[in-house]
Structure formats: structure tokens, C-alpha cells
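Here my numbering is used: the first residue of the sequence shown is 5, the next is one more, and so on. From the three backbone atoms N, C-alpha and C, an ideal C-beta is built for every residue, glycine too. None of these values were measured; they are calculated from a predicted model. Below is one structure, written out as C-alpha cells, with a few remarks after it.
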Amino acid sequence: MKNKAIPCLILILWGINPIVSAQNNPDILDENKKWSTVEFYWLPNGPHFTTYNKFEGDTTINGISYKKIWEAKDSGASEWSLAGFIRKEENAYFLLNLWGEEGLVYNFDLEVGDTITVNNTIIYSYPVVAEVYDIDSVFIEPLDEYRRRMVMISYPDFYEYWVEGVGSNGGIVRSGCYVAPFTGGGSYMLCEWENGQKIYDNEDFDYCYDSTVGIDDKNENKNVFINISPMPLKEQSIISLNQAYGEIVHLDIFDIYGKKVISKQLRSDEVLVITKSQFAPGIYLVTINSDNRLLSSTKLIVQ
5 MKNKAIPCLI LILWGINPIV SAQNNPDILD ENKKWSTVEF YWLPNGPHFT TYNKFEGDTT
65 INGISYKKIW EAKDSGASEW SLAGFIRKEE NAYFLLNLWG EEGLVYNFDL EVGDTITVNN
125 TIIYSYPVVA EVYDIDSVFI EPLDEYRRRM VMISYPDFYE YWVEGVGSNG GIVRSGCYVA
185 PFTGGGSYML CEWENGQKIY DNEDFDYCYD STVGIDDKNE NKNVFINISP MPLKEQSIIS
245 LNQAYGEIVH LDIFDIYGKK VISKQLRSDE VLVITKSQFA PGIYLVTINS DNRLLSSTKL
305 IVQ
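So, in C-alpha cells, the structure goes:
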């Protein structure tokens, strides 16, 4: 991963270098589209990992029609799992998480000075109020077409860009992440494809898939994975490794601000039982270390 400039500079540049597309569809809910997003944590040797997303397949929940949200974390984007649901109402989009909570994540009909309560139930445990600070257009070549771009602001110096048909610079299902002053990490949209052809490329990254478990990713054991069941944590969940690693490991759980919430030493064939009473609702990072090597990391969602 390349070194980053300060977030404001990244946001100003975001979206002005789209690549060729055979077709153009300003609707996000297009089954021919796919996105990749990198998430990172500001921790010592903090990991970063990439998630692919696509919207494919229809379903009805409580009488309301949704598209299914799928995610894949492998570099080949071949192992897809259900991550939630999304629907469109006029030019606004709503996300429904896997445990039944829905929130507004985009509205492209807003004007300068309008406010919106972004309630991204997939990544947040609380809503964020943002204001439309500015509206301009992004020219997409070779389509000879402009796309509406909205600059969203909540706190001073916390900006987020929404581009119609593309999504947020923080990631297609991570709208609101840059108008909330989180200090523990963040995310960037890496690439977007339509009909198999790339139409957006983040110039701050070399690839559309950027993932490592630490500063020296040669320490990664790619065969070790953390299992958390059930997910999300509602009452009680069990954390385990997919295989016995044959030695003592250290398990740490961090909140989104980088604070260590739980630290345990256990054998790799042991399991750790966690309960809802140990956490506030939200998203946490779980890491497994051995001999100062980060073996694996994953997210924990607490409802």
C-alpha cells in the first residue's frame, strides 16, 4: 500500500480519474457492478484487508423488496457470503443488516445546505447527521457524460464524497464513515467494475485488492482463520481457530478507537466464550498473535 496524504487531499482527488466503461448506469442497484474497498486499523502493525461487494438477487422482507448484498474477502472474489440487503426509494438508498435494522445511506436528490441522517446499520451502531456542503460533477470518459458528486460534511475537516452510480469514497456500503470522527481506522473505495470492466481506480493504491495482516505480511499464516459463532454477538458467541496451530497464541479484541477491550492467552485448540455484557454495541477487531507475529484478524459485530 502506498503512503497516503491527509484525508482531505485524498477526497479532493477522489472520483476525477474514472477509467473506460462500455456502458454507464447511474443506478447503484445494478447486478453488473462490483466494488472493492480496503479497511484499515490504526494500531501497531495494524492490519488492513479488502472486501468485494456486489448486489445480486431479489428478496422480499416484511413486504418490502430488496437486492441482496454479497461480500467476498479472497483476492479472486470467488467466495461470496450474504452481508445484508439494499433497496432504492426514488433516489435514496436504504441498507438492511442481517439482524433486521434498516437505515438511510444515500440520497442523491439533496441540494446544498440540506441535511441527512445517515444510519449505516452495517458499520455503525448510531446515526450520523451530515450536511451537503457542495455539489459538482465528475466527467466520465469516454462516455462524454457528467455524474453528480456531492460533498458531505458533519464535523470540521471531515468530508465525504458521494458520486451517483458509484457510491462513497469510503466504500459502496460504508457511506457515512468519513463524516463521523472515528479514530480507530477507516476505509477507501479501491475500484469499481461494470459489466466486468473497470470504471473507477483509486490512484493511491497499486491494485484493486490490498490486504495484509501487518507491516511485514510475510509473517502471515494464510491457513489460520478466526471463527466467531454466532455472528453478530447477541447474547453469547464462541471464538475459535479453524485449526490447532500447535502453540500458545494471544487473542486481542480492539474497539474502533484502537482501545484493547480483551486480551487473552490460550492454546490454539481452545475456544473463548464472549458475552454481550462485555461490549458496547458496535464493530470490533479480533487478532490472533504468536511470537509477535499477527496470524489472523477478523471483525466482530456486537448487536
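Contact check, residue i vs residue j, beta carbons under 9 Å
i	j	result
Phe-53	Ser-241	no
Leu-108	Gly-88	no
Val-170	Ile-176	yes
Ile-32	Lys-92	yes
Val-136	Asp-118	yes
Lys-303	Ile-287	yes
Gln-269	Val-253	yes
Burial state of residue i (16 or more Cβ within 10 Å)
i	result
Gly-180	buried
Asp-221	The pLDDT assigned to Asp-221 is 38, lower than 50, so where the model puts this residue is not dependable; a value taken from the coordinates is nonetheless given after this. Answer is exposed; the Cβ neighbour count stays below 16.
Glu-115	exposed
Glu-198	buried
Leu-99	buried
Lys-3	A question about residue 3 goes unanswered here, because the residues of the chain that appear run from 5 up to 307.
Ala-134	buried
Glu-75	buried
Ser-172	buried
Ile-243	buried
Residue i - DSSP class collapsed to helix/strand/coil
i	result
Ser-281	helix
Ile-243	strand
Leu-114	coil
Lys-138	The amino acid occupying residue 138 in the given sequence is Asp; Lys does not appear at that position. Correct three-state label for Asp-138: strand.
Tyr-70	strand
Ile-219	With a pLDDT of 33 at Ile-219, under the threshold of 50, the predicted position of this residue should be treated as unreliable, though the coordinate-derived value follows. Residue state, collapsed to three classes: coil.
Val-167	strand
Asn-95	coil
Lys-202	strand
Leu-33	coil
Val-177	coil
Phe-209	coil
Asn-293	strand
Nearest-angstrom beta carbon gap, residue j and residue i [assumed within contact, 8 Å]
i	j	result
Tyr-163	Ser-40	Incorrect: roughly 22 Å between the Cβ atoms, too far for contact.
Leu-237	Ile-305	7 Å
Val-167	Arg-151	5 Å
Tyr-70	Thr-63	5 Å
Sheet register partners of residue i (DSSP bridge)
i	result
Met-193	Thr-41
Trp-103	Trp-103 is not bridged to any residue.
Ala-76	Tyr-56 and Trp-84
Gly-286	Val-306
Proximity test, residue i beta-carbon vs the ligand ATP heavy atom, cut-off 8 Å
i	result
Tyr-211	Summarising the ligand content, the structure contains no ligands, and the ligand ATP is consequently not present.
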